[in-house]
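Asker:
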Amino acid sequence: MLELLVVLSLIGYIYYLRNYADLRSKSEREAAGLQEGINLYNESQTEKAFEYFDQKIKAKPKSSVAYLYRALCYKKSGNVAAAKNDLITGLSYDGTLSSLHLEKGKIEFESQLLRDALESFDKAVLYDGDEHEATYHWRGLANQALGRDVEAQKDFWKESDILKQKLTTKPVVTKPKDPFIDKRLAINSVLIIATSILVIVIIKKSEGIHLPFLLAVFSAISIGIVEPVKGWILAIFQCILLVAGYFLFTDLPQNAGRQEVESFSLYGSCVLTFAGSFIGAFLKRAFIAG
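Residue numbers for the sequence shown follow the numbering used here, beginning at 4 and rising by one.
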């Protein structure tokens with residue numbers, strides 16, 4: 004039963020790390036993984052960029068960002084129909100990616116499909132969150148072409164406002180410091196509480212030291228990966244919870260041999276928590292650097 008509990012915990016950790024530990028959006032994670040190809044496209048190495056994204060789509064057919072950039076390559080090489088197909092396919096996997104709507108709208112605008120273009124630009128504005136002036140610029144052009152002069156003027160004013168804001172904030176070099184206690188740290192603290200409870204239960208129920216050590220090491224490495232900078236706080240928090248929880252909420256065994264096993268499991272888990280968190284942080288930094 005304990006072995007099953009540990010296995011389920013490990014599976015839960017893997018699932019959490021895979022899906023929730025990284026708070027970036029799906030498209031942001033995809034773009035980070037496709038940076039090599041994006042750089043090729045930005046450097047006007049269109050053929051190499053196309054080959055790169057074509058291979059990525061074959062390997063991962065549901066990557067909306069890969070479809071976006073392959074579409075841009077198609078368009079640059081003059082194959083507008085293929086570009087539009089890729090944009091539509093990309094939207095079927097992530098309809099919230101503003102750039103897909105924007106590029107689709109550009110093709111429709113250039114093909115004189117003005118109402119379709121306006122609809123695409125509306126969605127681009129909706130999902131962009133006022134980050135880029137281009138969405139308002141193109142929607143303004145579509146409104147202007149449709150004779151909607153008042154709406155077009157509003158879009159051009161908004162475009163101008165975003166540009167002015169960017170020019171105003173451009174000289175600021177220092178990035179605002181993120182709050183030390185943020186949403187991710189709070190979420191991970193809740194996870195640490197659950198893990199600590201589980202480790203204590205396993206210490207009390209297990210006949211040996213292997214299961215508590217295994218769970219402590221795995222959770223600690225996860226701490227380092229999720230929080231490479233603040234992981235030491237979570238490691239200290241977990242150690243405090245382990246020691247406090249063990250002595251305050253469990254009955255100490257009367258048998259000296261059993262007490263020795265539990266003490267070794269408890270303090271060993273604390274040591275491994277620190278070691279594992281450092282290893283996890285090292286692996287995360289090595290992954291980012293490489």
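Here a beta-carbon is modelled for each residue, glycine too, at the ideal position from N, C-alpha and C. Quick caveat, the model's predicted, so the values are computed rather than measured.
Taking DSSP as the reference, what is the three-state secondary structure of Arg151?
Answerer: coil
Asker: Can you tell me whether Asp152 is buried or exposed, with buried defined as 16 or more other CB within 10 angstroms of its CB?
Answerer: exposed
Asker: Count the C-beta pairs between the segment 251 to 259 and the segment 217 to 230 that are closer than 8 Å, then say yes if the count reaches three, no if not.
Answerer: no
Asker: Identify whether Lys63 lies in helix, strand or coil by the three-state DSSP scheme.
Answerer: In this structure, Lys63 counts as coil in the three-state DSSP scheme.
Asker: On the CB-based measure, 16 or more other CB atoms within 10 Å of its CB, does Phe124 come out buried or exposed?
Answerer: Buried: at least 16 other Cβ atoms inside 10 Å.
Asker: By how many angstroms is the C-alpha of Glu122 removed from the C-alpha of Glu162?
Answerer: Going by the C-alpha atoms only, they are around 18 Å apart.
Asker: Buried or exposed for Phe216, please, with buried defined as at least 16 other CB atoms from any protein chain shown within 10 angstroms of its CB.
Answerer: buried
Asker: Given a cut-off of 8 Å, decide if Ala219 and Leu275 are closer than it, judged by their beta-carbon atoms.
Answerer: yes
Asker: Is the separation between the beta-carbon of Ala137 and that of Leu100 shorter than 8 Å?
Answerer: no
Asker: Of the residues Thr171, Lys169, Leu116, which one's Cα is nearest the Cα of Ala148?
Answerer: Comparing alpha carbon positions, the residue from Thr171, Lys169, Leu116 closest to Ala148 is Leu116.
Asker: Mind reading off the beta-carbon distance from Ile282 to Ile239? Whole number of angstroms is fine, and I expect it under 8 Å.
Answerer: About 16 Å; that fails the 8 Å criterion.
Asker: Nearest by alpha-carbon distance to Ala145: which of Ile205, Glu46, Ser114 is it?
Answerer: Ser114
Asker: Tell me the rounded alpha-carbon separation between Phe252 and Arg32.
Answerer: 42 Å
Asker: With a cut-off of 8 Å, do at least 3 Cβ pairs link the segment 193 to 207 to the segment 157 to 171?
Answerer: no
Asker: Buried or exposed: where does Trp141 fall if 16 or more other Cβ atoms within 10 Å of its Cβ makes it buried?
Answerer: buried
Asker: For Leu117, which three-state DSSP category applies?
Answerer: helix
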